[in-house]
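S.K.: Quick one: structure below, then a few questions.
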Amino acid sequence: MIAVEKLSVGVGGFMLQDISFEVPAGNYAVLMGRTGSGKTTLVEAICGLRRVSAGRVLLRNQDVTGLKPAQRGIGYVPQDGALFSTMTVRENLGFALSIRGIKGAAVDARIKELAGWLGISGLLKRGIRGLSGGERQRIALGRALAARPSVLCMDEPLSALDDETREQMYGLLQTVNKHENVTVLHVTHNRQDADRLADQILRFDHGRVS
Amino acid sequence: MWHETDSAGAAVRGKSDWPFYCGLGLLTSVYLILIVTMLLAAGSYTTWGHLGAAFSSPAIRYSIRLSLLSCTLTTLLSLCVGVPTGYLLSRFRFPGIGVIDALLDVPIVLPPLVIGLCLLILFQTSPGRWLQGWVPITYAIPSVVLAQFTVSCAFAVRTMLVTFDQISPRCEQVALTLGCSRTQAFWTVALPEARRGILTAATLVWARSLGEFGPVLIFSGATRMRTEVLPTTVFLELSTGNIEAAVAVSLLMIVAAVVVLAITRAFGVRGHREFLP
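Keeping their order, the protein sequence lines are chains W and S.
Oh and the first sequence: position 197 is 184 in my numbering, straight run, nothing missing.
For my numbering, count along the second sequence from 1 and bump the result up by 4.
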């Protein structure tokens, strides 16, 4: 589960205040709000990438507000994928495992499994340059899920995709939720994304989530 | 074929625009002609015989060896300081960052002779004299490296700052969520992404150090076979009227500069043009 309790986060000149919501374990929640409303800031605060001035973030019923991003067990997929351009697709997918000191057959097996159901098996030896938007998002998704996080936060993961690729990604994201048994928080401003994917829709308006 | 590089794309040019384009071309040509003719003149002034005579001189060979050694050491030291400093200024905001940013430009804007003088005075203070009790610096080889480092490191910092500014911090943030500490994110993600900028910084620092004269002259002196680097050789040969040797050494520095320029252009990252030698 993801729970945010009376969270306040300062960003430059403006402040998100008293934000509260809860996503039950295993749910696919879509957080909707206008561009510039602070959705990305909220996701960054949940991931531990932004300092919180008040309130709490709970994951799996555990208070993680004071924990570093690495200790939170969250998979994070930003808008542009933010793939590591100096690494191959395989190295991107295996990054979270190698940083934990996991090596050899266990890494290969996990990469093979992820690449198989994400449909990117043929790309493993390639570099990042020249990949399409859809391929990039699949790889970013696989990289985020490699260490089997219980929570997945995605910030506008489909915004740069064409209609056909977006349609393919809908099916994939629904599978992610069930296949990997993760609680998903998907941030978007697109109504269609919410209609197709959400178990739970959260509306972020004027600094409040309803 | 000419292309305009504005976002609107190349517009249709009418006859009335030609004086404007001619003016731009003319003014650019004047400067280009000055650079090319200057290099050609230097090249045509010397012969293979002059070059051979110059490079068989023990003093000049010493000066080449010391230049190569000091420039390489300066480059390594400048990267050790420039990479983390550029990263710090690019990624973090803290009180006093504006002052630090301005201070780091001081070696770039100060006259080189003044930097040499300031270094000389620094090593005449009590802490400076104490340090020299352990390691001789002033008028010794370490002073050459220190003089070059004081100026060149500022260029490494600026280049690395631009490099890290161009690399989105998002990748490092993702690395943090994937299990990295700050240190691991720097070494595994930020630094490999900055490799072209590091190469650019290294070549710029090396080239800048090779041509550094003012601070070396004041802080290290111009003693033959001791603190003599290539610019010092040009100065010493000119002052004794041996113009052929001065030109031969200058040509060597021109070739080194052209090679560095080619490397920087081939591997450099966009946005570094303001720092090119």
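Glycine included, C-beta positions come from ideal geometry on N, C-alpha and C.
The model shown is predicted, which means the values in this text are computed figures rather than measured ones.
Does DSSP classify His173 (chain W) as helix, strand or coil?
M.R.: In this structure, His173 (chain W) counts as strand in the three-state DSSP scheme.
S.K.: Taking the beta strand (DSSP E) that Met19 (chain W) falls in, what are its first and last residues?
M.R.: Here the beta strand (DSSP E) through Met19 (chain W) covers Tyr15 to Gly20.
S.K.: Considering Cα atoms alone, identify which of W:Leu145, W:Glu154 and W:Val138 is closest to Glu9 (chain W).
M.R.: Ranking the options by Cα distance to Glu9 (chain W), first place goes to W:Val138.
S.K.: For the beta strand (DSSP E) containing Ala41 (chain W), name the first residue and the last one.
M.R.: Ala41 to Leu46 is the span of the beta strand (DSSP E), which, as asked, contains Ala41 (chain W).
S.K.: Would you say Met74 (chain W) reaches chain S, if we count a Cβ-Cβ gap shorter than 9 angstroms as a contact?
M.R.: Output row for Met74 (chain W): interface = yes.
S.K.: Determine, using beta carbons only, whether Leu36 (chain W) comes closer than 9 angstroms to chain S.
M.R.: Judged by the 9 angstroms Cβ criterion, Leu36 (chain W) is in contact with chain S.
S.K.: Residue ranges of each alpha helix (DSSP H) run of no fewer than 4 residues wholly in the region 94 to 141 of chain S, ordered along the chain?
M.R.: If we require 4 residues or more, the alpha helix (DSSP H) runs fully inside the region 94 to 141 of chain S come out as 101 to 107, 110 to 113, 116 to 126 and 130 to 138.
S.K.: Once the 5 residues before and after Ala83 (chain W) are set aside, which same chain residues still bring their CB inside 6 angstroms of it?
M.R.: The answer, listed in chain order, is Ala133 and Ala134.
S.K.: In whole angstroms, what separates the C-alpha of Arg95 (chain S) from that of Gln177 (chain S)?
M.R.: Distance between the alpha carbons of Arg95 (chain S) and Gln177 (chain S): 11 angstroms.
S.K.: 9 angstroms is my cut-off, CB to CB: does Glu167 (chain W) come that close to chain S?
M.R.: Cβ-Cβ to chain S under 9 angstroms: no for Glu167 (chain W).
S.K.: Rounded to whole angstroms, how far is the Cβ of Ala12 (chain W) from the Cβ of Gly68 (chain W), which I believe are closer than 8 angstroms?
M.R.: At roughly 26 angstroms, the Cβ-Cβ gap does not stay under 8 angstroms, so Ala12 (chain W) and Gly68 (chain W) are not in contact.
S.K.: Are the C-beta atoms of Lys55 (chain W) and some chain S residue less than 9 angstroms apart?
M.R.: Yes, Lys55 (chain W) counts as interfacial toward chain S.
S.K.: DSSP three-state call for Arg69 (chain S): helix, strand or coil?
M.R.: Of the three classes helix, strand and coil, the one that applies to Arg69 (chain S) here is helix, per DSSP.
S.K.: I want to verify the contact list: residues of chain S whose CB lies under 8 angstroms from the CB of Asp67 (chain W), in sequence order.
M.R.: Per Cβ cutoff of 8 angstroms: Ser172 and Arg174.
S.K.: Put Gly62 (chain W) into one of helix, strand or coil per three-state DSSP.
M.R.: Three-state result, Gly62 (chain W): strand.
S.K.: Taking the straight line between their C-alpha atoms, what separation do you get for Leu105 (chain W) and Ala198 (chain S)?
M.R.: If I take the Cα positions, the gap works out to 30 angstroms.
S.K.: Got a sec: is the Cβ-Cβ distance from Glu143 (chain W) to anything in chain S below 9 angstroms?
M.R.: Output row for Glu143 (chain W): interface = no.
S.K.: Just to make sure I have the definition right: I need the residues of chain S whose C-beta is within less than 8 angstroms of the C-beta of Arg97 (chain W). Which are they?
M.R.: Within chain S, no residue comes near Arg97 (chain W); the closest Cβ sits about 13 angstroms away, beyond 8 angstroms.
S.K.: Check for me: the alpha helix (DSSP H) holding Val(-9) (chain W) runs from which residue to which?
M.R.: Looking at the DSSP string, Val(-9) (chain W) is not in any alpha helix (DSSP H); the run it does join, the beta strand (DSSP E), is Ile(-11) to Val(-2).
S.K.: Does Phe1 (chain W) come within less than 9 angstroms of chain S when only Cβ atoms are used?
M.R.: So no, Phe1 (chain W) is outside the interface.
S.K.: Candidates S:Met229, S:Thr163 and S:Leu221: which alpha carbon is nearest Tyr91 (chain S)'s?
M.R.: Tyr91 (chain S) has its Cα closest to that of S:Thr163, out of S:Met229, S:Thr163 and S:Leu221.
S.K.: Round the Cβ separation of Ser61 (chain S) and Thr236 (chain S) to the nearest angstrom and send it over; I've been treating them as touching at under 8 angstroms.
M.R.: Between Thr236 (chain S) and Ser61 (chain S) the Cβ distance is about 14 angstroms, and since that is not below 8 angstroms, they are no contact.
S.K.: Using a Cβ cut-off of 9 angstroms (strictly closer), state whether Glu216 (chain S) contacts chain W.
M.R.: Judged by the 9 angstroms Cβ criterion, Glu216 (chain S) is not in contact with chain W.
S.K.: Flag this pair as touching only if the region 141 to 159 of chain W and the region -12 to -4 of chain W have three or more C-beta atom pairs under 8 angstroms; answer yes or no.
M.R.: Judged by Cβ distances under 8 angstroms, the region 141 to 159 of chain W makes no contact with the region -12 to -4 of chain W, as fewer than three pairs qualify.
S.K.: In the DSSP assignment, find the beta strand (DSSP E) that holds Cys140 (chain W) and state where it starts and stops.
M.R.: Unbroken beta strand (DSSP E) run through Cys140 (chain W): Val138 to Asp142.
S.K.: Output needed in chain order: residues of the region 180 to 208 of chain S with a Cβ under 8 angstroms from some Cβ in chain W.
M.R.: The region 180 to 208 of chain S vs chain W, Cβ under 8 angstroms: Leu180, Thr181, Leu182, Gly183, Cys184, Ser185, Gln188, Thr192, Val193, Pro196, Glu197 and Arg199.
S.K.: Look up Asp182 (chain W) in the DSSP assignment and say whether it is helix, strand or coil.
M.R.: Helix.
S.K.: Since Val166 (chain S) sits in a beta bridge, which residues does DSSP pair it with?
M.R.: Bridge partners of Val166 (chain S): none, in fact.
S.K.: Counting along the chain, where does the beta strand (DSSP E) carrying Arg190 (chain W) start and finish?
M.R.: Residues Gln187 to Asp192.
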